[in-house]
Amino acid sequence: MPELHSAEGTSKKPAPAKDARPTKDAGPSTNAVPAPPQYVITAKNLTKTYGDVTAVDGISFSVPVGEAFGLLGPNGAGKSTTMKMIGGVAQRTSGSLTIMGLDPEEHGPEVRAHLGVVPQQDNLDEELRVRDNLLVYGRYFGLPMSYLKPKADELLEFAQLTDKAKSKVDALSGGMKRRLTIARSLINEPRILLLDEPTTGLDPQARHILWDRLFRLKEQGVTLILTTHYMDEAEQLCDRLIVVDKGRIMAEGSPASLIRNYSTREVLELRFGSERNTSVGAELEGIGERLETLPDRVLIYTQDGEAALEEVSARGLRPLTSLVRRSSLEDVFLRLTGRSLID
Amino acid sequence: MTVLTQGHSVTEEARNRRFGPLYSRNARAVIGRGLMATKSSNWLVMLSGFFEPVLFLISMGVGMGAMVGTVQGPGGQEISYAAYIAPALLAVSAMNGAIYDSTWNVFFKMNFAKLYQGMLYTSLGPLDVAMGEIFLALLRGLLYATGFTAVMGLMGLITTPWALLMIPASVLIAFGFASFGMGITSFMKTFQQMDWINFIMLPMFLFSATFYPLSVYPQYIQWLIQAMPLWHGVELLRQISAGAFTPATAIHVGYYLVMIVLGLMLTTGRLRSLFLK
């Protein structure tokens with residue numbers, strides 16, 4: 001993995017969430033920081049129930065200015081509900097939440113003036129053309145046309161949609177719609193950008209273009225809050241993330257520290273065919289530090305994948321395929337919950 | 001490239017406002033959006049809404065009117081059958097336009113286009129959205145009423161300058177139906193439920209003294225119809241068209257004022273519980 005997260009341990013170190021498992025390097029920063037980090041979002045024991053269902057079950061976290069903060073978890077973990085509460089369009093059942101020092105339930109319009117929102121499903125205005133989507137959305141924030149017109153052109157360029165300015169929205173590809181949605185979310189120069197599953201349904205190329213745009217925003221000081229169930233996305237984009245399952249925080253930290261704390265350096269993936277995968281476990285006992293048996297493959301967690309593979313061969317086992325790879329957040333999630341992220 | 005490094009002062013103004021969670025005094029942005037959308041896609045639909053009552057007036061008023069002859073108008077004078085039903089058709093068209101805009105249109109935007117979800121993630125509150133959409137419905141009602149009144153004039157059905165008051169009165173009627181319609185639509189989840197609206201509208205259109213006086217009904221049916229909103233609209237416009245005002249005129253106007261207030265309360269409450277849950 002490229003070292004994208006080497007900034008860990010700098011002044012942006014947040015306080016650990018109360019009910020998150022403490023990670024090794026999540027203690028109070030020893031750096032000489034003159035002022036405490038300024039949090040743009042602070043959630044304490046945030047809880048949301050729908051009838052009998054508890055979507056968000058007492059989660060606490062704080063996000064400092066300029067951080068890319070991720071909520072990683074499977075579908076139904078409570079990520080989108082958390083996002084809705086931040087946007088003030090879902091009311092929390094209990095707990096406290098402040099955005100830029102304001103309670104989004106009491107100051108909905110005011111809080112949302114600071115937010116850019118990229119919802120899980122594009123909700124572009126299909127009755128308006130591409131550029132008009134930006135102008136009209138800006139009007140919703142009460143911004144004047146004299147500001148919006150140059151801003152819309154600037155954002156179209158940012159989203160690489162300048163030549164589509166007069167197109168109809170339904171003529172755009174999925175990736176273009178997504179970029180337009182992101183451009184739209186920036187019309188009010190938000191300090192916090194909420195991205196709910198930003199690249200779900202996009203092809204790899206479109207995802208990379210989008211990630212590049214998000215990196216640029218981060219460089220400009222925008223705080224990014226994103227939910228995802230893609231581990232590679234979380235690794236690429238997030239400075240720090242919480243792993244969420246069933247409405248609770250399972251772990252918190254940078255992608256690198258989570259992998260370090262909850263997984264081994266390397267993983268050996270073995271496939272013995274669907275019949276053998278579950279039964280072969282006993283024969284692999286003792287190889288590596290930990291064994292995980294999935295329906296389609298066996299994962300051996302080890303510091304040295306090649307050595308483990310040799311050991312497997314030495315025991316006379318012949319897997320159909322074998323693969324040595326670096327540990328990922330997927331492995332962290334598997335370790336924490338016993339389940340895969342995408343099921 | 002600087003997307004975010006400049007121009008913060010422009011949004012500061014928007015950020016520093018203090019408003020409740022329901023209303024940010026920006027319904028005009030919703031109205032602006034509606035006008036822009038109409039310009040690019042909806043105007044044919046709008047045109048059809050204008051012709052509907054005109055076609056009714058020609059077929060029923062001129063066609064059937066030839067058989068009916070003259071009838072007794074609201075002031076007791078003899079008027080042509082076309083002049084009798086024209087104000088009623090105007091009231092029906094005000095109702096239909098407002099209901100279409102505030103039910104089917106809103107239903108689609110709410111459940112399929114996800115337009116309101118997008119709006120409510122901005123500084124707009126539910127009340128801004130409701131007021132903007134209702135205003136658009138009224139603007140459309142105003143255009144239809146003006147056009148229909150002009151047609152009445154061309155057909156020689158207008159005999160008093162008072163008749164011009166039918167235009168603002170139509171807007172009043174449309175306001176009553178639009179404010180209620182939007183609230184009712186918020187309860188609807190499926191197309192089948194939306195059909196219930198037609199189930200109420202069609203009998204109201206046919207039986208609210210639109211084509212013949214209320215006196216043909218037995219007393220208890222009269223009471224039922226007098227409780228329904230369209231009858232008040234029909235009577236109001238019919239009185240205005242002849243310049244024949246009675247104390248009942250004030251009751252008709254009052255009926256709509258109450259309907260508007262209750263409808264706005266219902267709509268805002270529903271939008272709040274739907275989108276800020």
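In order, the protein sequences belong to chains A and B.
Note that this note's numbering gives residue 213 to position 213 of the first sequence, counting from 1, and the numbers run on in steps of one.
Note that this note's numbering gives residue 74 to position 74 of the second sequence, counting from 1, and the numbers run on in steps of one.
Every residue, glycine too, gets a C-beta built ideally from N, C-alpha and C.
Please read all numbers here as calculations on a predicted model, not as lab measurements.
Judged by beta-carbon spacing, Leu-268(A) lies within the 9 Å limit of Ala-308(A), meaning their Cβ atoms are closer than that value.
In the DSSP annotation of this structure, the continuous segment of the beta strand (DSSP E) that includes Val-40(A) starts and ends at 39–50. Annotation for Val-234(B): the continuous alpha helix (DSSP H) segment containing it runs 229–242. Scanning Ile-192(A), Glu-189(A), Arg-191(A) and Leu-210(A) for the CA closest to the CA of Thr-199(A) turns up Leu-210(A). Listed in chain order, the beta strand (DSSP E) runs fully inside the region 186–230 of chain A are 192–196 and 223–228, counting runs of at least 3 residues.
Contact note: Gly-269(B) does not reach chain A at a C-beta cutoff of 7 Å; the least C-beta distance is about 14 Å.
Residue range 166–185 is occupied by the alpha helix (DSSP H) that includes Pro-168(B). By a beta-carbon distance limit of 8 Å, Gly-281(A) contacts Val-298(A). Their separation comes to about 7 Å.
Within its own chain, the residues whose Cβ lies closer than 7 Å to the Cβ of Val-324(A), once the five positions on either side in sequence are excluded, are Glu-266, Leu-268, Gly-305, Glu-306 and Leu-309, listed in chain order. Asp-212(A) does not reach chain B, its nearest Cβ partner there being about 12 Å away, counting only Cβ pairs nearer than 9 Å.
The alpha-carbon separation between Met-83(A) and Thr-227(A) amounts to approximately 8 Å.
For Tyr-212(B), the three-state secondary structure derived from DSSP is coil. Per DSSP, the continuous alpha helix (DSSP H) segment holding Ile-134(B) begins and ends at 126–154. Closest option to Arg-33(B), judged by alpha-carbon separation, among Gly-138(A), Gly-253(A) and Ile-287(A): Gly-138(A). By the Cβ neighbour-count rule, Ile-251(B) is exposed, with fewer than 16 other Cβ atoms within 10 Å of its own. In the three-state reduction of the DSSP assignment, Thr-267(B) falls in the helix class, which pools H, G and I. Taking a 10 Å sphere around the C-beta of Asn-198(B), we find fewer than 16 other C-beta atoms and assign the residue as exposed. Secondary structure in the region 56–137 of chain A: the beta strand (DSSP E) runs of 3 residues or longer, each lying completely within the stretch, are 68–72, 94–99 and 115–118 in chain order.
DSSP, read as helix, strand or coil, puts Leu-323(A) in strand. Counting other Cβ atoms within 10 Å of its Cβ, Ile-173(B) reaches 16 or more and is therefore classed as buried. Ranked by Cα distance from Leu-202(B), the first of Asn-105(B), Met-228(B), Val-261(B) and Leu-236(B) is Met-228(B). Between Arg-272(B) and the set Met-155(B), Leu-236(B) and Phe-187(B), the nearest pair of CA atoms involves Phe-187(B).
In terms of beta-carbon proximity, Met-119(B) lines the interface with chain A, with at least one pair separated by less than 9 Å.
Asp-153(A) has a beta carbon lying at 9 Å or more from every beta carbon in chain B.
For a cut-off of 8 Å, the C-beta gap from Pro-295(A) to Ser-274(A) is around 7 Å, short enough to register as a contact. Apart from sequence neighbours up to five positions away, the residues of its chain that approach Asp-196(A) with a beta-carbon distance below 6 Å are Ser-80, Met-83, Pro-119, Gln-120 and Thr-227, ordered along the chain. The C-beta distance from Ile-287(A) to Leu-194(A) rounds to 44 Å, too long to meet the 8 Å contact threshold. Within 10 angstroms of the beta-carbon of Ile-225(A) lie 16 or more other beta-carbons, which makes it buried.
Among the residues of chain B, those whose CB is under 7 Å from the CB of Asp-132(A) are Met-36, following chain order. Of the candidates Tyr-81(B), Phe-50(B) and Ala-88(B), Ala-88(B) places its Cα closest to the Cα of Gln-239(B). The C-alpha of Phe-245(B) lies about 15 Å from the C-alpha of Gln-72(B).
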